[in-house]
Amino acid sequence: MVLSVGVVGCGGQGLAHLERFLRDGRVEIVAVCDIDEARAKEAAKRFNVEYYTSYEGFLKHPNLDIVSIATPNYMHASQAVVALNAGKHVLCEKPMALTVEDCNKMIDASEKSGRILAVGFQSRFKDAFQKTRNLIRELDDPLNAYVLRFSPNPYDLNLEWRRRRSLMGGLILSMNCHEIDMMRWLLGEIEYVKADLKTMLYRSVIDYEDNAWLILGFKRGLTATLGSSMTAHASIYEYTFICRSGTIRLYPWENRISVFQERASKTIVAESDDPLQKEISCFIDSVEEGRLKQPLASGIDGRAATATIEAARKSFERGGLAVKLE
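Okay, structure coming up:
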């Protein structure tokens, strides 16, 4: 039986989902939904499907099996819960939800309905990260890790929801949930967080941080530092892992990994791939097999990222003191 797919949110990420579902070839895209009728209509014409401006009507589309959620962050939880309760499998873009409480509602709905809930941490599928994961194991236990993600403002601040933490989640949730999830996937469970958050350039525009430093303590005993900025004048994205038998420097956007050891060094060029395509194909595999397949991120993984950010905000409110994850 061919699975039927509907995508809610017809902006850039929604269109990216539609293109990948179409490219996979094992599913039929049957409907799109967006509150902006012109945008919904344009996507429907492009992909030759029906369109809806009502999410309730969209979910009633005949024989809809899968809902892919690519709407603004604050809509994720409510839309996912309603879709799961209606018996649909759900792929939800990151961040999973703005609060741990909402993440729990999504997980409960998935468990009660028996439908799959996956979260869009596509970096897990990127060849450069997968090669790095293998290298960390080869070079013995990691001792410390450092992540830098600096960029010019990546957001369209003309959009109201992009300017409000209550709607977007702030820089550290909306953008750095990727790095939080990746460090959990590479290094294990996080035990505590310390945070320093600052609004330095966009104070008159946004009500959340535009620069952040997080220190993450892991249950295995190592420490990781994450630096994040949306006020840089150049894009910098790199990971460094200091292991017992060597040091790894990963440059994800360049698909390049440098490995330094006492008597040798080497550079590994990773595949220039499409992690979103791999993620969506893995999600389809999961629905077909009736179980969530690795390395697809689960609701538990999505909740862990949101819980880490909640702890970071509590740390900042307490003057940078360590806050344990609940």
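Just so it is clear: in the sequence shown, position 216 is 293 by this note's numbering, and no numbers are missing. Backbone N, C-alpha and C fix where the C-beta goes; we use that ideal spot for every residue, glycine too. Bear in mind the structure is a predicted one, so any value in this text is a computation, not a measurement.
Checklist entry - Under 7 Å between the Cβ atoms of Ile193 and His166? => result yes
Item to check | Counted within 10 angstroms of its Cβ, other Cβ atoms place Ser281 as buried (16 or more) or exposed | outcome: exposed
Checklist entry - In terms of alpha-carbon separation, which member of Ile319, Leu225 and Gly247 lies closest to Tyr285? => result Gly247
Item to check | N-terminal and C-terminal residue of the beta strand (DSSP E) that Gly197 is part of | outcome: Leu194 to Gly197
Item to check | Unbroken stretches of the alpha helix (DSSP H), 4 residues or longer, contained in the stretch 159-192 | outcome: 177-190
Checklist entry - What residue range is occupied by the uninterrupted alpha helix (DSSP H) comprising Pro352? => result Pro352 to Glu366
Item to check | Cross-strand partners of Pro219 (DSSP beta bridge) | outcome: Cys320
Checklist entry - Comparing alpha-carbon positions, which option in Thr130, Leu216, Ala309 and Tyr328 lies nearest Thr317? => result Tyr328
Checklist entry - Between which two residues does the alpha helix (DSSP H) containing Lys422 stretch? => result Because the chain spans 78 through 403 in this model, residue 422 falls outside it and cannot be assessed.
Checklist entry - Excluding the five sequence neighbours on either side, which residues of its own chain have a C-beta within less than 8 Å of the C-beta of Cys447, listed in chain order? => result With the chain represented from 78 up to 403, any question about residue 447 goes unanswered, as that position is not in the structure.
Checklist entry - Counting along the chain, where does the alpha helix (DSSP H) carrying Gly298 start and finish? => result From DSSP, Gly298 is part of no alpha helix (DSSP H); its letter is neither H nor E.
Next on the checklist: Taking DSSP's pairing of strands, which residues face Val79 in a bridge?
Outcome noted: Paired residue(s): none; Val79 is not in a bridge.
Checklist entry - Span of the alpha helix (DSSP H) holding Glu331? => result Here Glu331 belongs to no alpha helix (DSSP H), and DSSP marks it neither H nor E.
Checklist entry - So Tyr132 is in the alpha helix (DSSP H); what residue range does that whole segment cover? => result Tyr132 to Leu136
Next on the checklist: In the DSSP output, which residue or residues are listed as bridge partners for Gly304?
Outcome noted: Leu225 and Trp290
Checklist entry - Whose CA, out of Thr308, Arg326 and Lys271, lies closest to the CA of Thr302? => result Lys271
Checklist entry - Nearest to Val84 by alpha carbon, out of Arg116, Arg103, Glu105 and Ala147? => result Ala147
Next on the checklist: My parser needs the alpha helix (DSSP H) runs of 4 or more residues fully inside the stretch 82-113; what are they?
Outcome noted: 89-101
Checklist entry - Taking Cβ positions, are Ile292 and Thr385 nearer each other than 7 Å? => result no
Item to check | Beta-carbon proximity list for Arg239, same chain, < 7 Å, skipping 5 on both sides | outcome: Tyr232, Asp233 and Met245
Checklist entry - If you pair each beta-carbon of the stretch 310-325 with each one of the stretch 206-222, do three or more pairs fall below 8 Å? => result yes
Item to check | Extent of the continuous beta strand (DSSP E) run through Glu256 | outcome: Element bounds for Glu256: not the beta strand (DSSP E) but the alpha helix (DSSP H), Cys254 to Leu264.
Checklist entry - Which value, in whole angstroms, describes the spacing of the CA atoms of Ile334 and Asn288? => result 26 Å
Checklist entry - So what does Ala272 bridge to, in DSSP terms? => result Leu291
Item to check | Rounded distance between the beta-carbons of Val177 and Glu387, thought under 8 Å | outcome: 6 Å
Item to check | Top-ranked residue by Cα proximity to Phe295, from Val400, Ser363 and Glu119 | outcome: Val400
Item to check | Residues near Ala381 in its chain [Cβ-Cβ closer than 7 Å; skip 5 each side] | outcome: Arg261
Next on the checklist: Please tell me whether Cys180 and Thr383 are closer than 7 Å, where the distance is taken between their beta carbons.
Outcome noted: yes
Checklist entry - Could you give the distance in angstroms between the alpha-carbon of Leu274 and the alpha-carbon of Leu236? => result 23 Å
Checklist entry - Does the Cβ-Cβ distance between Met259 and Ser200 come in under 7 Å? => result yes
Item to check | As assigned by DSSP and simplified to three states, the class of Ala384 | outcome: helix
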